[in-house]
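**Student:** This is the structure, below, for whatever I ask next.
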Amino acid sequence: MAGIFSQFKFKYIFRDYQARALSEIEKYLENNKIHIVAAPGAGKTALALQKMIDLGEPTLILVPTIALREQWKERFRSDFSQGEDLTDIISDDLNAPKLMTVITYQSLYADYAAITKKNKASVIACRLKDANVKVIILDEAHHLKAAWLDATNDLIKKLGSIITIALTATPPYDMKQAIWRKYIDLCGDIDIEITVPELIKSNDLAEHQDYILFNYPNRSQLKDIESIKCKIDEFVERVISSETLITAVSLHDGILDVSTKLTYFISNFDY
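This is the structure:
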């Protein structure tokens, strides 16, 4: 499948730090995992799209929001295509993957959770294998926590020989150790970093200094704030006292038979 993106080319000139990152990527491909940490505004999307073209394989791109999904598609159209009809190239439907398929993590997880078979990821992996997907790009990878991370990790393991390119500006160093290990297992160790000073030096990011202004509400505003707080408290009280809610909670599987749900609760403690 090499060369499937050969007609696409970046229309502009990569900045020095982008060119440096692209030249370094190749040496980190031994374990099929590339983990790039780049400051906001460093052009992570363009970098990853260029690497997708270089690899020349059908690619699944996972993003945290619908807005970013549309941004990836638009960036490919505006920066890499020459006005071609991309209907047969780009998809945002996991059930109909194409050469470049862009979906949200939530969409992947919803599909994953809806499958009733034991090997959930195998069902999705079969679809992607049929489309010959060999590359997965994880945009804003720091969003991969708990359920999203598990579903994505499970899928990549079921796909077997797959190249992953993880992108983030803020690695989730504040994660619990167990989740951090899962994150690194999925994304690999950090390979390439584009720092804020590099962007400032290239005049692509302005220097700044935080400025904090303390603004205290006056008496009238305090009265309004207290009124809103009272309304919120009243609303919460009505909700938690609702017979419908009490009945729904009391009939939950995890309440009726804790032992059958114990592993799930431990694994998904945040929920």
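Take the sequence shown: its letter number 147 is residue 155 in the numbering used here, and every next letter is one higher.
Note that the Cβ used here is the ideal one computed from N, Cα and C, for glycine as well.
Counting C-beta neighbours from all protein chains within 10 Å, is the total for residue 51 16 or more, i.e. buried, or is it exposed?
**Tutor:** With 16 or more other Cβ atoms within 10 Å, it is buried.
**Student:** If you count every other CB in all the chains shown that lies within 10 Å of the CB of residue 138, and 16 or more means buried, which is it?
**Tutor:** The Cβ neighbour count for residue 138, taken over all protein chains shown within 10 Å, is under 16; the residue is labelled exposed.
**Student:** According to DSSP, residue 201 sits in a beta bridge with which residue or residues?
**Tutor:** 45
**Student:** Is the beta carbon of residue 144 less than 8 Å from the beta carbon of residue 68?
**Tutor:** yes
**Student:** Between 32, 200, 58, which has its C-alpha nearest residue 13's C-alpha?
**Tutor:** 58
**Student:** Could I get the ranges of all uninterrupted beta strand (DSSP E) runs contained in the segment 61-142, with 3 residues as the minimum, in chain order?
**Tutor:** Correct list: 67-71, 108-112.
**Student:** Are the Cβ atoms of residue 129 and residue 166 separated by less than 8 Å?
**Tutor:** yes
**Student:** Suppose you measure from the CA of residue 56 to the CA of residue 126; what does that come to, to the nearest Å?
**Tutor:** 33 Å
**Student:** Expressed to the nearest angstrom, what Euclidean distance is found between the alpha-carbon atoms of residue 72 and residue 162?
**Tutor:** For residue 72 and residue 162, the gap between their C-alpha atoms comes out near 18 Å.
**Student:** Residue 35 and residue 172: beta carbons closer than 8 Å?
**Tutor:** no
**Student:** Taking 6 Å as the limit between beta carbons, can you name the residues of its chain near residue 174, skipping five residues before and five after?
**Tutor:** Cβ neighbours of residue 174 beyond the five flanking positions: 43, 146, 149, 195.
**Student:** So who's on the other strand from residue 146, going by DSSP bridges?
**Tutor:** 70, 174
**Student:** By the DSSP assignment, the alpha helix (DSSP H) with residue 23 in it spans what residues?
**Tutor:** Premise fails: residue 23 is in no alpha helix (DSSP H) and is neither H nor E.
**Student:** Can you tell me the Cα-Cα spacing of residue 212 and residue 205, whole angstroms?
**Tutor:** Distance between residue 212 and residue 205, taken at the CA atoms: about 10 Å.
**Student:** Kindly indicate which residue of 265, 264, 110 has the alpha-carbon position closest to the one of residue 74.
**Tutor:** 110
**Student:** By a C-beta neighbour count over all protein chains shown, 10 Å radius and 16 as the cutoff for buried, is residue 10 buried or exposed?
**Tutor:** Annotation note: pLDDT 48 at residue 10 (below 50); position unreliable, coordinate value reported separately. Exposed is the call here.
**Student:** If distances are taken between C-alpha atoms only, which option among 234, 54, 47, 38 comes closest to residue 27?
**Tutor:** 54
**Student:** I need the DSSP call for residue 153, collapsed to helix, strand or coil.
**Tutor:** Residue 153: coil per DSSP, three-state reduction.
**Student:** The alpha helix (DSSP H) spanning residue 185 covers which residue range?
**Tutor:** 185-195
**Student:** Between the Cα of residue 20 and those of 47, 32, 83, 45, spot the shortest distance and give me the residue it belongs to.
**Tutor:** 83
**Student:** Could you please give the first and the last residue of the uninterrupted alpha helix (DSSP H) stretch that includes residue 241?
**Tutor:** 227-248
**Student:** So, at 6 Å on beta carbons, what are the nonlocal neighbours of residue 266 in its own chain, with the 5 sequence-adjacent residues on each side left out?
**Tutor:** none
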